[in-house]
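Novice: Supplied in structure tokens, the structure appears directly below.
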Amino acid sequence: MKMTLPTYFHSLTKMTFFSNLCHYYNRIHQIILSYFQQTNEELVNFAAVEDKLESLPDIQHTAAHFKTLKVNESFLQLYVDTESFRLHVDWLKAAKENFSLPFVADESASSHLLHLSGLIKRSLHQINEEVPQLTAPSLPVIINSFNALTFSIEISERLQVFCICSKRILRHFHRLSRCPKH
């Protein structure tokens with residue numbers, strides 16, 4: 001059974017759902033901006049670093065896409081993409097640990113992504129959507145610390161876009177639900 005937007009969202013207590021989700025996307029975004037800005041500065045001389053992680057989610061963020069959003073499908077996609085980024089960040093954290101690179105930001109981002117994933121999963125259960133079983137992506141072997149840093153930049157850039165777009169999607173549904181702002 002598909003739930004309508006007002007029925008589902010007005011049943012949530014005082015719209016804390018949107019606040020919680022936006023809070024975690026904001027935290028992840030802040031972590032990435034603060035830590036990965038330093039990493040980007042380290043690689044300023046390597047402008048030719050190309051994207052190599054094809055398993056990262058492809059984020060739709062055009063105005064046309066926002067006009068076609070549906071609650072159930074959007075929350076399913078948010079869950080899948082959040083989990084995908086969490087798996088990528090965990091993979092990167094393990095690689096950085098192996099090369100004795102700092103990984104505190106990765107650990108923090110992973111923790112926030114895990115919590116966010118749990119919130120979205122609970123919301124999917126509330127709207128009677130089946131939570132998809134995800135398979136681990138096929139990720140390349142990281143051969144050296146420079147390789148780890150380039151993957152770190154790629155993941156951070158894509159995760160920033162994901163956080164911004166996810167917050168826009170949540171705000172879009174928040175407006176449609178006609179809930180009071182916080």
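Counted from 1, the sequence shown has number 150 at position 150 by my numbering; the numbering is strictly sequential. All residues carry an ideal CB built from backbone N, CA and C; glycine is no exception.
1) Between I143, L56, N98, C165, which lies nearest to A63 when the distance is taken from Cα to Cα?
2) Please state the DSSP three-state secondary structure of I143.
3) Can you have a look at H29 and say buried or exposed, based on whether 16 or more other CB atoms are within 10 angstroms of its CB?
4) Applying the criterion that 16 or more other CB atoms from any shown protein chain within 10 Å of the CB defines a buried residue, is E130 buried or exposed?
5) Hey, out of H112, A148, K93, Q133, whose CA is closest to E104's CA?
6) Determine the burial state of T82: buried for a count of at least 16 other Cβ atoms within 10 Å of its Cβ, exposed for fewer.
7) Smallest Cα separation from L101: which of Y79, I142, L124?
8) Given a cut-off of 8 Å, decide if L56 and S74 are closer than it, judged by their beta-carbon atoms.
9) Return the chain-ordered ranges of every alpha helix (DSSP H) run that is complete within the region 62–115 and spans a minimum of 4 residues.
10) Shortest alpha-carbon distance to Y79 belongs to which of L119, H61, E97?
11) What's the gap between the Cα of M1 and the Cα of C22?
12) Measuring CA to CA, which of K67, Q133, S111 is closest to R168?
13) Figure out for me which residue from L176, E157, F151, E107 has the closest Cα to the Cα of P140.
14) Using alpha carbons as the reference points, say which of E97, L87, L170 lies closest to P137.
15) Let me make sure I understand the geometry here. Which of Y24, E157, F18, S19 has the alpha-carbon closest to that of S111?
16) To which residues of the same chain is D106 closer than 6 Å at the C-beta, ignoring the five residues directly before and after it?
17) If we ignore side chains and look at the alpha-carbon of each, how far apart do L113 and C163 end up?
18) On a Cα-Cα basis, can you pick out the residue from I59, E54, N20 that is closest to V161?
Specialist: On the basis of the data shown:
1) C165
2) coil
3) buried
4) exposed
5) Looking at the sequence shown, residue 104 is not Glu but Val. Checked all of H112, A148, K93, Q133; the closest Cα to V104 is K93.
6) buried
7) I142
8) no
9) 63–67, 71–98
10) L119
11) Unreliable placement is indicated for M1, whose pLDDT of 45 sits below 50; no coordinate value is reported for it.
12) K67
13) F151
14) L87
15) Y24
16) V89, L92, K93
17) 10 Å
18) I59
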